[in-house]
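Novice: For the record, in the sequence shown the residue sitting at position 21 is 29 according to this note's numbering, with numbers rising by one throughout. Just so you know, even glycine gets a beta-carbon here, dropped at the ideal spot from N, CA and C. For reference, the structure I am asking about is given below.
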Amino acid sequence: MTTTVLDTQTERLATLAACSGDTPDLVIDLGALQTNVDRIAAAAAAHGVGVRPHIKTHKLIQVARMQMNAGAVGIQVAKLGEAEVMVEAGILDVLVGYPIVGKAKVERLVGLAELARVTVSLDALEVARPIAEAAERRGVELNFLIEIDTGLSRIGVPPGEEAIGLAEQVAALPATHLIGVLTHEGHAYTRAGSEEELRTITREACERTVATARELRARGTAAPVISVGSSGTFRFAIEVDGVTEVRPGTYVFNDRTQIGLGAATPADVAAVVVATVVSGHRAGEVVLDAGSKALTSDRMISNSVSDTFGLVAADDGSVGEIVRLSEEHAVASFPQGVKAPGVGERVAIIPNHICPVVNLFEKATVTLDGAVVDRWPVAARGLLR
Ligand SMILES: Cc1ncc(COP(=O)(O)O)c(C=O)c1O
Numbered sequence: 009m010t011t012t013v014l015d016t017q018t019e020r021l022a023t024l025a026a027c028s029g030d031t032p033d034l035v036i037d038l039g040a041l042q043t044n045v046d047r048i049a050a051a052a053a054a055h056g057v058g059v060r061p062h063i064k065t066h067k068l069i070q071v072a073r074m075q076m077n078a079g080a081v082g083i084q085v086a087k088l089g090e091a092e093v094m095v096e097a098g099i100l101d102v103l104v105g106y107p108i109v110g111k112a113k114v115e116r117l118v119g120l121a122e123l124a125r126v127t128v129s130l131d132a133l134e135v136a137r138p139i140a141e142a143a144e145r146r147g148v149e150l151n152f153l154i155e156i157d158t159g160l161s162r163i164g165v166p167p168g169e170e171a172i173g174l175a176e177q178v179a180a181l182p183a184t185h186l187i188g189v190l191t192h193e194g195h196a197y198t199r200a201g202s203e204e205e206l207r208t209i210t211r212e213a214c215e216r217t218v219a220t221a222r223e224l225r226a227r228g229t230a231a232p233v234i235s236v237g238s239s240g241t242f243r244f245a246i247e248v249d250g251v252t253e254v255r256p257g258t259y260v261f262n263d264r265t266q267i268g269l270g271a272a273t274p275a276d277v278a279a280v281v282v283a284t285v286v287s288g289h290r291a292g293e294v295v296l297d298a299g300s301k302a303l304t305s306d307r308m309i310s311n312s313v314s315d316t317f318g319l320v321a322a323d324d325g326s327v328g329e330i331v332r333l334s335e336e337h338a339v340a341s342f343p344q345g346v347k348a349p350g351v352g353e354r355v356a357i358i359p360n361h362i363c364p365v366v367n368l369f370e371k372a373t374v375t376l377d378g379a380v381v382d383r384w385p386v387a388a389r390g391l392l393r
């Protein structure tokens, strides 16, 4: 079992835990959140790169507004439902970073383009064509980005000739504008075994994306946007010459994966799940009232070996890990010699992967300097379409 040192953060985490009215609860540290938003904005600006945060992490209108106020060029979503919530809230530049397929979704996408500047990424002409036809029919304009697979083996065409060929075909479609290329170098999370490897994998993915866009431009297609990114690779992606936009998501809250990748420290964790100890009959183990329905059963997204489900910080500074989960129970284990918390005591949990965790909560408790200042509805939670 590896126990990440929480440094001087256990006191802050205990304060967050004490702020919750009832558990399990999602508790946000507004100060840390603002610091994260500002830090990424400043680092990108220093490199002349735009930030387009992926709002799937927080699904909160209030956080999207903080990001826009900090200078984001727009937002990215994965789901049309997320886009609809954000456009309704007045965020008027949205990248739908997911292929929109099927009549119902195409109509909603084009409807959004009547209200906001909308861009959609895709990797096939069969996806682009019905969107262009619908846009032409309704008299709206829409932007396309070609998604390039730089190693994640998920969505995307290979960089180079194939991507350029598709981009040229998409550029010829009516009512729509091919504005560039996009990649998500998420494979760096699981492939990199060191800081140096993370840098190398990120640079290679970004450079191949830039090279493809430059070749496309050289052949006469305007492709001003080169969009890359994730929170784990952000610090290396902004250094790549030619990148115009980065799309980190998790950085607003951070999690155990980001700490493991060296993209964040425990001080940068801005959202925790607060739970209460409800049982404890085995030495070094306690049961918490937050199971997989509050924490998910996601593992760390990394190549390091960890089969536990989150870090647990108790009131008195003890740190343990969640070793077993069922729907409404988490079993937290504390190392020998460390005092486990007793029944009724609160703990703060740093989840392995915060994004799906937020999606499980109706509301978040918002705290500033140890006091509750608001409760935010997770406005886009559960919007899977
Ligand atoms: C296409 C795409 N872009 C950007 C991101 C943001 O990455 P992260 O949440 O790791 O910052 C993701 C994450 O899933 C993604 O799928």
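#1: Please indicate yes or no: does the CB of CYS214 lie closer than 7 Å to some heavy atom of ligand 1?
#2: Is ARG383 near ligand 2, going by C-beta to nearest heavy atom under 7 Å?
#3: Determine the extent of the beta strand (DSSP E) in which PHE242 is found, giving its start and end residues.
#4: When the distance is taken between beta carbons, is LEU153 closer than 8 Å to THR127?
#5: Hey, out of ALA372, GLY325, ALA272, THR284, whose CA is closest to VAL339's CA?
#6: Using a Cβ-Cβ cutoff of less than 7 Å, which residues in the same chain neighbour GLY268 once the five nearest sequence positions on both sides are dropped?
#7: What separation, rounded to the nearest whole angstrom, lies between the Cα atoms of SER235 and HIS337?
#8: For HIS268, which three-state DSSP category applies?
#9: Could you tell me whether the segment 225-242 touches the segment 319-334, using the rule of 3 or more Cβ pairs below 8 Å?
#10: Below 8 Å, how does it come out for the segment 290-309 and the segment 173-187: are there three or more Cβ pairs, yes or no?
#11: What separation, rounded to the nearest whole angstrom, lies between the Cα atoms of ILE63 and PRO343?
#12: When you compare only the Cα positions, how much space is there between VAL355 and ASN262?
#13: In the DSSP output, which residue or residues are listed as bridge partners for PHE152?
#14: Looking at the strands, I want to know which residues DSSP matches up with SER287.
#15: Are GLU253 and GLY105 touching if we call contact CB-CB under 8 Å?
#16: State the Cα-Cα distance for the pair ILE362 and THR191, rounded to the nearest angstrom.
#17: Tell me whether the beta-carbon of ILE163 lies closer than 8 Å to the beta-carbon of PRO107.
#18: Is any non-hydrogen atom of ligand 1 found closer than 7 Å to the C-beta of GLN75, if you look at the structure I gave you?
#19: Go ahead and label ASP249 buried or exposed: buried means 16 or more other beta carbons lie within 10 angstroms of its beta carbon, across all protein chains shown.
#20: Does DSSP put HIS192 in a helix, a strand or coil?
#21: Roughly how many whole angstroms lie between the Cα atoms of VAL294 and VAL280?
#22: Please look up how many angstroms separate the CB atoms of VAL381 and THR304, rounded, as I've assumed it's under 8 Å.
#23: Leaving out five residues on either side along the sequence, give the residues of the same chain with a beta carbon under 7 Å from the beta carbon of VAL351.
#24: Mapping the DSSP letters down to three states, classify ARG332 as helix, strand or coil.
#25: Which stretch, first to last residue, makes up the alpha helix (DSSP H) that contains LYS371?
#26: Say the cut is 7 Å; is the CB of GLN84 nearer than that to a heavy atom of ligand 1?
#27: If you drop the 5 nearest sequence neighbours on each side, which residues of the same chain put their C-beta closer than 6 Å to that of PRO385?
#28: Report the partner residues of ASP33 according to the DSSP bridge assignment.
#29: Ligand 1 and HIS192: does the residue's C-beta get closer than 7 Å to at least one heavy atom of that ligand?
#30: In whole angstroms, what is the alpha-carbon distance linking ASP157 and PRO167?
#31: Between which two residues does the alpha helix (DSSP H) containing VAL81 stretch?
#32: What did DSSP end up calling ALA388 once you bin it into helix, strand or coil?
#33: List the residues that DSSP assigns as beta-bridge partners of GLU253.
#34: At a cut-off of 7 Å, is THR65 close to ligand 1 when judged by its beta-carbon and the heavy atoms of the ligand?
Specialist: A quick look at the data gives this:
#1: The residue given as residue 214 occupies position 206 in the sequence shown. Incorrect: CYS214 has no Cβ contact closer than 7 Å to ligand 1.
#2: The model depicted lacks ligand 2 and carries ligand 1 instead.
#3: The residue labelled residue 242 in the question sits at position 234 within the sequence shown. Here PHE242 belongs to no beta strand (DSSP E); instead the alpha helix (DSSP H) covers 242-245.
#4: Working through the sequence shown from its first residue, we reach residue 127 at position 119. Working through the sequence shown from its first residue, we reach residue 153 at position 145. Contact: yes.
#5: To locate residue 339, count along the sequence shown from 1; it is residue 331. Residue THR284 is the option with its Cα nearest to VAL339.
#6: Here the question's residue 268 lines up with position 260 in the sequence shown. Excluding residues within five positions, the ones whose Cβ falls inside 7 Å are MET308, SER310, SER312.
#7: The sequence position of residue 235 within the sequence shown is 227, counting from 1. The sequence position of residue 337 within the sequence shown is 329, counting from 1. Roughly 41 Å between the two C-alpha positions.
#8: Taking the first residue of the sequence shown as 1, we reach residue 268 at position 260. What sits at residue 268 in the sequence shown is Gly, not His. Of the three classes helix, strand and coil, the one that applies to GLY268 here is helix, per DSSP.
#9: no
#10: no
#11: As a position in the sequence shown, residue 63 is number 55, starting the count at 1. As a position in the sequence shown, residue 343 is number 335, starting the count at 1. For ILE63 and PRO343, the distance between alpha carbons rounds to 36 Å.
#12: As a working note, residue 355 is residue 347 in the sequence shown. As a working note, residue 262 is residue 254 in the sequence shown. Rounded to the nearest angstrom, the two C-alpha atoms are 18 Å apart.
#13: Counting from 1 along the sequence shown, the entry for residue 152 is found at position 144. Beta bridge pairing from DSSP links PHE152 with VAL128, LEU186.
#14: One-based indexing of the sequence shown puts residue 287 at position 279. Bridge partners of SER287: VAL295.
#15: Numbered from its first residue, the sequence shown carries residue 253 at position 245. Numbered from its first residue, the sequence shown carries residue 105 at position 97. It is not a contact, given that the beta carbons lie outside the stated cut-off.
#16: As a working mapping, residue 362 is identified with position 354 in the sequence shown. As a working mapping, residue 191 is identified with position 183 in the sequence shown. For ILE362 and THR191, the distance between alpha carbons rounds to 22 Å.
#17: Start at 1 with the first residue of the sequence shown, and residue 163 comes out as number 155. Start at 1 with the first residue of the sequence shown, and residue 107 comes out as number 99. In this structure, PRO107 lies closer than 8 Å to ILE163 by Cβ.
#18: As a first step, residue 75 must be located in the sequence shown, where it is residue number 67. Incorrect: GLN75 has no Cβ contact closer than 7 Å to ligand 1.
#19: Translated into the one-based positions of the sequence shown, residue 249 becomes position 241. Exposed, by the Cβ-count rule.
#20: The residue given as residue 192 occupies position 184 in the sequence shown. In the structure shown, HIS192 sits in coil (DSSP, three-state: anything other than H, G, I, E or B).
#21: The residue labelled residue 294 in the question sits at position 286 within the sequence shown. The residue labelled residue 280 in the question sits at position 272 within the sequence shown. Looking at the two C-alpha atoms, the distance is approximately 18 Å.
#22: Against the sequence shown, residue 381 aligns to sequence position 373. Against the sequence shown, residue 304 aligns to sequence position 296. At roughly 27 Å, the Cβ-Cβ gap does not stay under 8 Å, so VAL381 and THR304 are not in contact.
#23: Sequence index remark: in the sequence shown, residue 351 carries index 343 (1-based). The residues are VAL285, VAL286, SER287, GLY288.
#24: Position 324 of the sequence shown, counted from the start, is the residue given in the question as residue 332. Annotated three-state conformation of ARG332 is strand, per DSSP.
#25: Indexing the sequence shown from 1 puts residue 371 at position 363. Segment 371-376 is the beta strand (DSSP E) holding LYS371; no alpha helix (DSSP H) there.
#26: Against the sequence shown, residue 84 aligns to sequence position 76. Yes, the Cβ of GLN84 comes within 7 Å of a heavy atom of ligand 1.
#27: Mapped onto the sequence shown, residue 385 falls at position 377. Answer for PRO385: LYS371, listed in chain order.
#28: By 1-based counting over the sequence shown, the position of residue 33 is 25. In the DSSP output, where bridge partners are listed per residue, ASP33 has VAL282.
#29: On the sequence shown, position 184 is the one that residue 192 refers to. HIS192: yes, Cβ under 7 Å from ligand 1.
#30: Your numbering for residue 157 matches position 149 in the sequence shown. Your numbering for residue 167 matches position 159 in the sequence shown. When rounded, the distance between both Cα atoms is 7 Å.
#31: Mapped onto the sequence shown, residue 81 falls at position 73. Neither: VAL81 is in no alpha helix (DSSP H) and is coded neither H nor E.
#32: Looking up residue 388 in the sequence shown gives position 380. Annotated three-state conformation of ALA388 is coil, per DSSP.
#33: Locating residue 253 in the sequence shown gives position 245, where the first residue counts as 1. Residue pairing by DSSP puts GLU253 in a beta bridge opposite GLY58, SER235.
#34: Taking the first residue of the sequence shown as 1, we reach residue 65 at position 57. Flag set: Cβ of THR65 near ligand 1.
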